[in-house]
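Inspection log for the structure reproduced underneath, given as structure tokens.
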Amino acid sequence: MRKFLSGNEAFAEGIRLARPQVISAYPITPQTIVVEKLSEFVEDGSLKSEFIHVESEHSALSCAMGASIAGARAFTATSSQGLLYMAEGLTYASGGGYPIVMMNANRSVALPWNIYGDQRDSLSLLDHGWIQVYAENGQEALDLALLSYYIAENKAVSTPVMVNLDGFVLTHTYEVVEVPEQDKADAFLPPFETENKIDFDSPKNIAFSAGPEQNYIFKYNEHKNMLNAKAVITHAEEKFAGIFGRKYTGLIESYKCDDADFVIVTLGSIAGLCKEICDSLRNTGKKCGVLRIRYMRPFPNEEIAQVLANVKACAVLEKDISFGNEGAVYTNVCSALQKAGINKPVTNWIGGLGGKDITPEQIEAIFKSLFDGNISTKVNFIGISE
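Counting along the sequence shown from 1, when you hit position 24 you're at 23 in numbering that gives the first Met the number 0, and nothing is skipped either side.
Structural data, given as structure tokens:
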């Protein structure tokens with residue numbers, strides 16, 4: 000069925016199809032619509048789930064962990080300061096191997112107080128052990144709700160997933176979305192089964208302490224599980240395409256990069272505008288492309304290096320800054336190229352902080368700086384000249 004939905008509503012539809020058994024909800028702009036819609040689904044009977052309205056974001060994740068430990072498929076959602084309030088629990092969930100799915104509406108973090116969207120909230124928590132994926136549009140948001148459970152619950156992965164939607168730009172923008180039938184969703188995503196749970200017939204120790212001789216082994220296994228997700232993502236998308244007819248492109252999306260001399264690397268909804276500018280410049284004979292990073296964890300080192308191996312120069316455009324250094328996406332992209340032995344000029348452009356618009360003219364100017372060989376190693380803030 001085709002519906003006209005916001006990104007939040009589309010994601011809620013995807014979660015409904017995934018049949019979570021426990022939803023722990025706490026409102027925060029611009030995420031609130033997701034849990035509101037889910038409460039409506041529970042109320043009208045289209046989703047059979049325990050909807051628990053908790054007292055804080057910290058409690059929301061704690062509740063989801065408790066549900067997962069009891070063997071239930073769990074969901075929660077948050078944004079910005081709420082995600083930061085959960086930070087302690089993020090490492091508990093990943094370290095415990097609890098395959099929770101959480102939607103994060105990307106939003107700037109205080110101070111100054113701001114409700115609009117950038118990606119500093121999630122990107123500041125890359126090292127907390129969660130798979131991180133970034134949607135470009137409403138259809139991808141809906142589909143990622145199903146894909147994320149499939150990936151997280153795979154025994155070789157057993158890792159929570161954070162699905163990121165750009166605040167307001169995606170969460171509140173309406174577009175036509177294909178909502179699958181429940182029987183197809185059930186054919187794709189089987190009921191949740193796990194041995195990593197409280198079981199009186201098979202008692203086990205959960206959430207225990209581990210000293211120096213054992214702790215590092217758990218951390219190594221956590222790292223390996225995250226790496227295992229790469230193959231599972233590929234398998235999940237192949238199965239998804241076979242059932243729903245929509246094919247995704249793994250950890251990255253390469254747009255007109257095969258013969259490109261100049262490429263913008265980015266993530267999230269801004270990639271759509273970058274593609275439009277790329278098309279316009281292609282019509283003037285400029286060989287440019289766009290590389291969209293879909294998964295920031297596990298990071299697509301080899302895939303990025305392969306796409307950028309033959310370009311003349313590239314720019315990383317991101318809604319994030321690691322104060323005193325550079326953007327986190329830029330750091331990861333440069334690392335991928337260095338590990339592959341690829342020496343290419345790479346510039347870092349910071350934009351969209353606090354929800355400030357990134358205009359078509361500004362994206363075109365980034366491409367032009369690459370065309371003109373204006374390659375600077377300093378961090379460039381769009382709209383600010385130093």
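Backbone N, C-alpha and C fix where the C-beta goes; we use that ideal spot for every residue, glycine too.
- Taking all protein chains shown into account, methionine 0 has fewer than 16 neighbouring C-beta atoms within 10 Å of its C-beta and is therefore exposed.
- Around the beta carbon of serine 375, fewer than 16 other beta carbons sit within 10 angstroms, so the residue counts as exposed.
- Beyond the five residues adjoining it in sequence on each side, tyrosine 91 comes within less than 7 Å, by CB distance, of Met64 in the same chain, given in chain order.
- Between the region 258-271 and the region 241-249 there are fewer than three inter-stretch CB-CB distances shorter than 8 Å, so the stretches are not counted as touching.
- Looking from the CA of phenylalanine 50, the closest CA among His127, His57, Ile22 belongs to Ile22.
- Taking the C-beta atoms as reference points, valine 345 is found no nearer than 8 Å to isoleucine 303.
- Isoleucine 32 sits away from glycine 81, with the two beta carbons spaced by 8 Å or more.
- Taking C-alpha positions only, methionine 101 is separated from tyrosine 149 by approximately 13 Å.
- In this model, lysine 223 and lysine 196 are separated by some 21 Å (Cα to Cα).
- Between alanine 314 and lysine 343, the CB-CB gap reaches or exceeds 8 Å.
- Looking only at Gly340, Leu266, Leu60, the smallest Cα-Cα distance to glycine 326 is reached by Leu266.
- Judged by DSSP in its simplified three-state form, glutamate 301 adopts helix.
- In terms of Cβ geometry, glycine 271 and aspartate 117 do not form a close pair [threshold 8 Å].
- In the DSSP annotation of this structure, the continuous segment of the alpha helix (DSSP H) that includes glutamine 337 starts and ends at 327-338.
- A check of alpha carbon separations from asparagine 373 across Thr358, Gly351, Asn347, Asp356 identifies Asn347 as the nearest.
- Counting along the chain, threonine 265 sits inside the beta strand (DSSP E) bounded by residues 261-265.
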